[in-house]
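Enquirer:
See below:
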């Protein structure tokens, strides 16, 4: 008997083309990944469910992919296959790791070169939850990051982020996804899953 995988995990986009409603962002990120011109720090802003963390993961995988396809990760090379369990891809929830000690610990580890990837990527979700001391600790690393490190910060409340942090990041604003776009995507997924659903649902 096969293990059940929640639909949101099974169908989570693995390439930029699968991210709906954010073409103004995915087009630029794909171009940067393809041209090897990625920034050292990104800030993804927008309400919940708009694709911030998903795009962060695709970008992190694309910059480390050994055989990228037009800026997208191939999904087959050793780096792509090792991605989910890699020590070089660090995901952190700032809502529960918001103390200055948490960020100092992170910044100390930044000096170590990647173990198995080309780039070490730090994805910090809900970054606006960091304390002032934590932001100050992060700022120094954002000012002088090693060439092999990329920071991707995600937030639902941009106004809570210090201007000193904002000024050192490449900012992308994720739009709310229209009901029509969501509906069309859900219809695709229901067909793929062989599930009959009424249009009203």
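Residue numbers (our numbering): 6 to 206. Just so it is clear, CB atoms sit at the ideal spot from N, CA and C, and this is done for glycine as well.
Just the Cα atoms here: how many angstroms apart are residue 17 and residue 79?
Expert: Answer to the nearest angstrom: the Cα atoms are 15 angstroms apart.
Enquirer: According to the neighbour-count rule (16 or more other Cβ atoms, all chains shown, within 10 Å of its Cβ), is residue 202 buried or exposed?
Expert: Exposed, since its Cβ has fewer than 16 Cβ neighbours within 10 Å.
Enquirer: Whole angstroms are fine: how far does the CA of residue 61 sit from the CA of residue 157?
Expert: If I take the Cα positions, the gap works out to 6 angstroms.
Enquirer: Once DSSP output is grouped into helix, strand and coil, what is the label at residue 160?
Expert: If DSSP states are grouped into helix, strand and coil, residue 160 belongs with the strands.
Enquirer: What is the DSSP secondary structure of residue 154, reduced to helix, strand or coil?
Expert: It is a strand residue.
Enquirer: Quick one: is residue 6 buried, meaning 16 or more other Cβ sit within 10 Å of its Cβ, or exposed?
Expert: Below a pLDDT of 50, predicted positions are generally treated as unreliable, and residue 6, at 47, falls in that range; no measurement from the model is reported.
Enquirer: Would residue 161 pass as a contact of residue 44 if the rule is Cβ separation under 8 angstroms?
Expert: For residue 161 and residue 44, no; Cβs fall outside 8 angstroms.
Enquirer: Along the beta strand (DSSP E) that carries residue 100, what are the first and last residues, could you check?
Expert: Segment: none, residue 100 is in no beta strand (DSSP E) and carries neither H nor E.
Enquirer: Out of 111, 35, 164 and 184, which one is the CA nearest neighbour of residue 142?
Expert: When each option's Cα is compared against that of residue 142, the closest is 111.
Enquirer: Give every residue of the same chain whose Cβ lies closer than 6 angstroms to the Cβ of residue 146, excluding the five residues on either side of it in the sequence, and list them in chain order.
Expert: Within the same chain, residue 146 has close Cβ partners 112 and 115.
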